[in-house]
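A.B. asks: Okay, handing you the structure first.
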C-alpha cells in the first residue's frame, strides 16, 4: 500500500512538473521560435511519462493483491472491495491522472501545430524589421549631411513664461505643425542672396487675432478663413480678453477652424488717477503680452502675424506675408512687415501699382508680422499701456524699419474702441483695400534689402524737381506726371504741408507716418509726390513729436 502510494505521488509530481515546464517552454518558444529544441524536449518528456505510468501499474493476474480494476476480474474486485476500499480508490485516482495527462498532451500537440503554422509569419516579420532598420539608418545618415545654407544663431525657444501668468483656456488646439516648424525655424544668413521668395514654402505662419467684445469679429474671421491657402501653414489663433459671452459664442461657432484661447486675468489694473480714463489701453497692453507669450512660448511658433478683431484682410494677405518672411529673416535692418499704409486713402495711392512695396521707419501696425527673436527682445520691457506708440520710440526701433505696401492689405471697420474713433472718421474709414491678387512669392523682392533700396530711393527722391505746394493744387501751372519733390525744413512746416496735401501730419519721435529717411511718398492729383527733408538728411529729431 505504501509503495503504491509513493509511486502515485511520484507520478503526479512528475506530471505537474511536466505541465509547468511545458508552459514555460511555450513562452520561450513564442519569443525565440526554437521548434527543434521544443520537439526534442517533448519527446523525452513523453517517454519519461510513459515509463512512470507503466512502473506504477501492477501486473495482470494480481488484481486481488493490488486492488486492480482490469476487465475480467469482477469477482476479485467485488470480493476485495470491502477489505481494500482505500487501494481501489487510489487506483481510480491514478487512472484519472492518466486521462488528464493524455488530455494535456493533446493540448500541447495542438500548440505545436500552431507554432509550426506561425513560423513562416515570424520569419517574414524578422525580414521586414531588418529592412526598416536599414531604412532608418539611411535616413539618419542623410540628416547628418552638412547643410549648405549658413544660419544665424537661434535664440532659446525654451524661455519661461512670465510669472503669475495663468495657463490659457484653450477650446480647440492648433494643427500639429511641429515637423513644419522644425524644418523652418532655421534662419537664413543676412549674406544670402534674396531672390524669388518661394524658397521656404513650408514655413508655418500663424495668425493671431486679438479679440475682446466685438461680435463683428465674425467679419474678420470670415475673410481670414476664406483667403487662407492652408490650414496647416496658417493656423488661426483667436485670443479673447474681456470675457464677453456673445463674442465667445461667435468665435466658438468656427469649431476646429480656429483655436480659441482666453486671457484669464480680467481684473482692472491699478493706474494713477489721471490715467483712469485710459484703463482700456492698459488692458490691451496686458492682453498683447499674454497672447504673444502663448504664441511663442506655449505653441512654440517662430513668427506670427497679428491682426485685431476689427480688421478685414485682402485676397493676397497671406501671399504678401509669406513672400516677405524671407526678407524679414535675412535683413537685420528690418523688424516688422506691415499690411498697412497710413496714407493709403483712395486718391493718395496708385491703383495701378498694387505690387509696389516700401521701407518705412514708422511702425504701422494694423496687420503686422513679428519674429520670435524680436519678441524676446521686447517682452522683458513691454509697457503697461500705449504699446504701439512705445514701439515707435528710438529705444525699441533701433534704426530698424518695416515693409509696407502702396495699397493696404487690411482695412479697419471698427469705429468703436478705446480710441473713441480717433482718426477713424478723418482718415481710417477711407483707406483703400487691395482687391487684386499679386503673386508676391513669384517676384524678386531683393530690391527691399536696405543697401539696394537706399541707393535707388535717395536717387529717385532727390533727382525729382523741387516744387511748391501751390503748384500742385488746383489751378497750378505744374504739368507732367512727376515725380515731384516738396521740401520741409521744420516740424511746423511739415505739418502745414502735410495738411495741405491731405496726408497725415502727426509725428512720433520725429518720424512721419509712412515715412522713410524723413520722406513721405504719395499721389496728389495723379502725380507722385515726395514730401522730403533737405538733401543730406542723416537722422530724425526726436523733439518733433
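Residue numbers (the working numbering): 34 to 578.
Note that CB positions come from ideal geometry on N, CA and C, so glycine has one too.
Keep in mind it's a predicted model, so treat the numbers as computed, not measured.
Rounded to whole angstroms, what is the Cα-Cα separation between residue 466 and residue 483?
C.D. replies: Roughly 27 Å separates the two Cα atoms.
A.B. asks: I need the boundaries of the beta strand (DSSP E) containing residue 392, first residue and last residue.
C.D. replies: That run of the beta strand (DSSP E) goes 390-393.
A.B. asks: Identify every residue that forms a DSSP beta bridge with residue 557.
C.D. replies: According to DSSP, residue 557 bridges with 560.
A.B. asks: For residue 266, write down the residues that DSSP places opposite it in a beta bridge.
C.D. replies: According to DSSP, which records beta bridges pairwise, residue 266 is partnered with nothing at all.
A.B. asks: For residue 259 and residue 530, I'd like the C-alpha separation in whole angstroms.
C.D. replies: Taking the straight line from one Cα to the other gives about 41 Å.
A.B. asks: Short of 8 Å in beta carbon distance, which residues of its chain neighbour residue 492, apart from the five on each side in sequence? Order them along the chain.
C.D. replies: Answer for residue 492: no residue qualifies.
A.B. asks: Looking only at its own chain, which residues have a Cβ that is under 7 Å from the Cβ of residue 494, when we skip the five neighbours before and after it?
C.D. replies: Here the set comprises 518, 552, 563 and 565.
A.B. asks: Looking at residue 270: is its Cβ nearer than 7 Å to the Cβ of residue 236?
C.D. replies: No, they are not a contact pair.
A.B. asks: Here's the rule I'm using: 16 or more other beta-carbon atoms within 10 Å means buried, otherwise exposed. How should residue 438 be labelled?
C.D. replies: By the neighbour-count rule (16 or more Cβ atoms within 10 Å), residue 438 is buried.
A.B. asks: I want to check one thing, is the minimum distance from the CB of residue 468 to the heavy atoms of the ligand ATP below 6 Å?
C.D. replies: No copy of the ligand ATP appears in this structure; indeed no ligand is present at all.
A.B. asks: Report the option in 274, 268 and 381 whose CA atom is closest to the CA atom of residue 537.
C.D. replies: It is 381.
A.B. asks: Applying the criterion that 16 or more other CB atoms from any shown protein chain within 10 Å of the CB defines a buried residue, is residue 362 buried or exposed?
C.D. replies: Buried, because 16 or more other Cβ atoms sit within 10 Å of the Cβ of residue 362.
A.B. asks: Output the residue ranges of the alpha helix (DSSP H) runs that lie fully inside the segment 311-383 and measure 4 residues or longer, sorted by chain position.
C.D. replies: Listed in chain order, they are 312-326 and 350-363.
A.B. asks: If you drop the 5 nearest sequence neighbours on each side, which residues of the same chain put their C-beta closer than 6 Å to that of residue 405?
C.D. replies: Correct list, in chain order: 329 and 335.
A.B. asks: What would DSSP say about residue 578, mapped onto helix, strand or coil?
C.D. replies: Correct three-state label for residue 578: coil.
A.B. asks: Check the C-beta distance from residue 395 over to residue 267 and give it rounded, since I have them as a contact under 8 Å.
C.D. replies: Not really, about 27 Å apart at Cβ, beyond 8 Å.
A.B. asks: Evaluate the contact criterion for the segment 438-447 versus the segment 338-352: three or more CB pairs, one atom per stretch, below 8 Å.
C.D. replies: At 8 Å Cβ cutoff, the stretches touch.
A.B. asks: Within 10 angstroms of the Cβ of residue 322, are there 16 or more other Cβ atoms? Answer buried if so, exposed if not.
C.D. replies: Under this definition residue 322 is a buried residue.
A.B. asks: Please work out which residues of its chain come closer than 6 Å, Cβ to Cβ, to residue 95, disregarding the five sequence neighbours upstream and downstream, and give them in chain order.
C.D. replies: Legend: pLDDT at residue 95 = 41, less than 50; position of this residue unreliable, value from coordinates given subsequently. Closer than 6 Å at Cβ, skipping near neighbours: no residue.
A.B. asks: Whole angstroms are fine: how far does the CA of residue 576 sit from the CA of residue 570?
C.D. replies: Computed Cα separation, rounded: 16 Å.
A.B. asks: In this structure, does DSSP put residue 308 in helix, strand or coil?
C.D. replies: Of the three classes helix, strand and coil, the one that applies to residue 308 here is helix, per DSSP.
A.B. asks: For the segment 382-390 against the segment 460-478, do three or more pairs of beta-carbon atoms, one drawn from each stretch, fall closer than 8 Å, so that the two count as touching?
C.D. replies: A contact exists between the segment 382-390 and the segment 460-478.
A.B. asks: Measure from the alpha carbon of residue 485 to the alpha carbon of each residue in 287, 364, 385 and 497, then state which is nearest.
C.D. replies: Ranking 287, 364, 385 and 497 by Cα distance to residue 485 puts 364 first.
A.B. asks: Give me the DSSP bridge partner(s) of residue 293.
C.D. replies: Answer by DSSP bridge pairing, in chain order: 271.
A.B. asks: Along the beta strand (DSSP E) that carries residue 434, what are the first and last residues, could you check?
C.D. replies: Residues 434-438.
A.B. asks: Apart from the five residues just before and just after residue 573, which ones in its own chain have a Cβ nearer than 6 Å to its Cβ?
C.D. replies: Once the five neighbours on either side are set aside, the close Cβ partners of residue 573 are 543 and 544.
A.B. asks: Count the C-beta pairs between the segment 371-385 and the segment 305-324 that are closer than 8 Å, then say yes if the count reaches three, no if not.
C.D. replies: Cβ pair count under 8 Å is below three, so no.
A.B. asks: Using only the alpha-carbon positions, how far apart do residue 223 and residue 425 sit?
C.D. replies: With a pLDDT of 39 at residue 223, under the threshold of 50, the modelled position of this residue cannot be trusted, and the question is left open.
A.B. asks: Since residue 546 is in the alpha helix (DSSP H), which residue starts that stretch and which ends it?
C.D. replies: That residue, residue 546, is in no alpha helix (DSSP H); it is neither H nor E in DSSP.
A.B. asks: Report the rounded CA-to-CA distance for residue 535 versus residue 481, giving the unit in angstroms.
C.D. replies: So the two alpha carbons sit approximately 27 Å from each other.
A.B. asks: Can you tell me which of the three DSSP states residue 537 falls into?
C.D. replies: Coil at residue 537, not helix or strand.
A.B. asks: Can you find the residues in the same chain that come closer than 7 Å, C-beta to C-beta, to residue 422, ignoring five residues on each side of it along the sequence?
C.D. replies: 541.
A.B. asks: Thinking C-beta only, is residue 436 closer than 7 Å to residue 511?
C.D. replies: Result no, Cβ atoms of residue 511 and residue 436 do not sit closer than 7 Å.
A.B. asks: Just verifying my parser: in three-state terms, what is the DSSP assignment at residue 241?
C.D. replies: Residue state, collapsed to three classes: strand.
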